[in-house]
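Let me begin by presenting the structure, written as structure tokens, before commenting on it.
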Amino acid sequence: MTQVEPYHRNVAMAFESYALYPQKTVAQNLASPLKSGRHARYSEQEQTQRINDVTTTLGINHLLDRLPKELSNGQRQRTALGRVLVRPADIYLLDEPLSHLDAKLRASMRAELKAIASRSSTTTLYVTHDYQEALALADRIAVLRTGKFIQIGTPEQIWREPIDTFVARSVGQPEINLVDAVVRGGRVRALGGGIEFAAPAALGLTEGQQLRVGLRPSELMVNREVHDHDWLRVAGRIRLTERLGRDVELDIEVGDGNLIVVERADRPHQEGDEVMLDIHLPNVHLFAGGEPDEDTARLGSALGHTAAPLPEALEEEVGE
1 MTQVEPYHRN VAMAFESYAL YPQKTVAQNL ASPLKSGRHA RYSEQEQTQR
51 INDVTTTLGI NHLLDRLPKE LSNGQRQRTA LGRVLVRPAD IYLLDEPLSH
101 LDAKLRASMR AELKAIASRS STTTLYVTHD YQEALALADR IAVLRTGKFI
151 QIGTPEQIWR EPIDTFVARS VGQPEINLVD AVVRGGRVRA LGGGIEFAAP
201 AALGLTEGQQ LRVGLRPSEL MVNREVHDHD WLRVAGRIRL TERLGRDVEL
251 DIEVGDGNLI VVERADRPHQ EGDEVMLDIH LPNVHLFAGG EPDEDTARLG
301 SALGHTAAPL PEALEEEVGE
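Its first residue numbered 1, the sequence shown is counted upward by one per residue in full-length UniProt numbering.
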């Protein structure tokens with residue numbers, strides 16, 4: 001694409017700042033890509049039909065005569081997206097298109113974008129710092145750090161098999177619990193023995209090896225009475241509770257440290273309660289040990305499953 005003259009690139013882009021023409025109405029802004037004549041020419045009737053179709057889909061067909069200054073942020077965002085979608089393109093580029101919206105409108109627009117994508121076969125490159133948007137909308141996710149691809153995979157792969165602690169911390173809120181651990185007598189021990197399980201043979205861990213154990217707050221279950229050999233069970237005591245809408249965040253003392261757990265708020269939990277935590281062993285991540293501010297590679301899970309490495313061809317700086 002970098003070898004193609006910009007004039008010949010059939011690309012449609014929505015900017016983070018909307019970039020609407022302030023002197024033009026919504027209808028005129030939407031018509032501007034159809035009048036350029038770069039990739040196709042549309043009759044007045046075809047232009048009107050395309051504008052009607054996209055504004056009906058985005059719910060802004062009653063705003064066609066308004067100027068951008070007369071629109072709310074959400075309406076400006078819909079107009080900017082409409083200008084992208086109004087004509088066929090080889091690729092859509094969306095630069096943090098929902099970043100300026102409030103939480104309620106962002107969730108609504110996310111659902112609209114998902115519906116639009118399901119009806120279109122056009123490749124879309126979507127830039128976001130919001131992991132929920134990435135997990136909800138993407139077929140594949142590329143995680144970048146300091147201009148380099150760190151991991152590329154499906155949402156399931158990014159969630160289940162993060163390639164390192166940076167990727168693991170990038171998806172999920174609250175962040176994944178990362179606790180220091182060590183291999184002793186063929187077992188992985190963390191939090192002063194509060195967490196302990198057999199070292200997976202497939203990973204070839206050695207006596208005294210330093211590790212980090214990763215446990216996602218949403219995958220730790222409280223008092224569920226799981227009796228299966230593929231589950232890890234640890235004892236703890238609830239230190240703090242914080243209501244988060246339909247969920248509750250629990251700060252649970254385990255051994256000589258603590259873990260954050262997210263549970264449904266309709267389950268009765270009180271500060272000071274003694275509890276048992278259960279997590280499926282494939283969801284217990286093992287990372288290499290390191291300094292507190294150092295990101296380290298994922299070795300596998302507590303059952304020995306390992307993550308696929310990043311393809312060598314993708315280990316390059318963006319833009320090279």
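Ideal Cβ placement from N, Cα and C applies to all residues, glycine included.
- Secondary structure within the stretch 174-230: the beta strand (DSSP E) runs of 3 or more consecutive residues, fully enclosed, are 177-184, 187-190, 195-198 and 210-215 (chain order).
- Secondary structure of Phe166 (DSSP, three-state): helix.
- Excluding its 5 nearest sequence neighbours in each direction, His305 has C-beta neighbours in its own chain below 7 Å: Pro282, listed in chain order.
- In this structure, the CA atom of Ala117 is about 37 Å from the CA atom of Arg267.
- A straight-line Cα-Cα distance of about 13 Å links Ala190 and Leu232.
- Taking C-beta atoms under 8 Å as the contact rule, His269 and Val222 qualify, at a distance of about 7 Å.
- Using a Cβ distance threshold of 7 Å, Val86 and Arg50 count as a contacting pair.
- The C-beta distance from Arg298 to Asp180 rounds to 15 Å, too long to meet the 8 Å contact threshold.
- Here the C-alpha atom of Leu125 lies approximately 22 Å from the C-alpha atom of Asn29.
- With 16 or more other CB atoms across the displayed protein chains lying within 10 angstroms of its CB, Asn177 is buried.
- Taking a 10 Å sphere around the C-beta of Pro162, we find 16 or more other C-beta atoms and assign the residue as buried.
- Looking from the CA of Gly236, the closest CA among Arg83, Leu113, Gly194 and Val213 belongs to Gly194.
- With a beta-carbon spacing of about 4 Å, Val84 and Ala12 fall inside the 8 Å limit used to define contacts.
- The beta carbon of Val167 is closer than 7 Å to those of Val143, Ile150, Gln151 and Ile158 in its chain, skipping five residues each way along the sequence.
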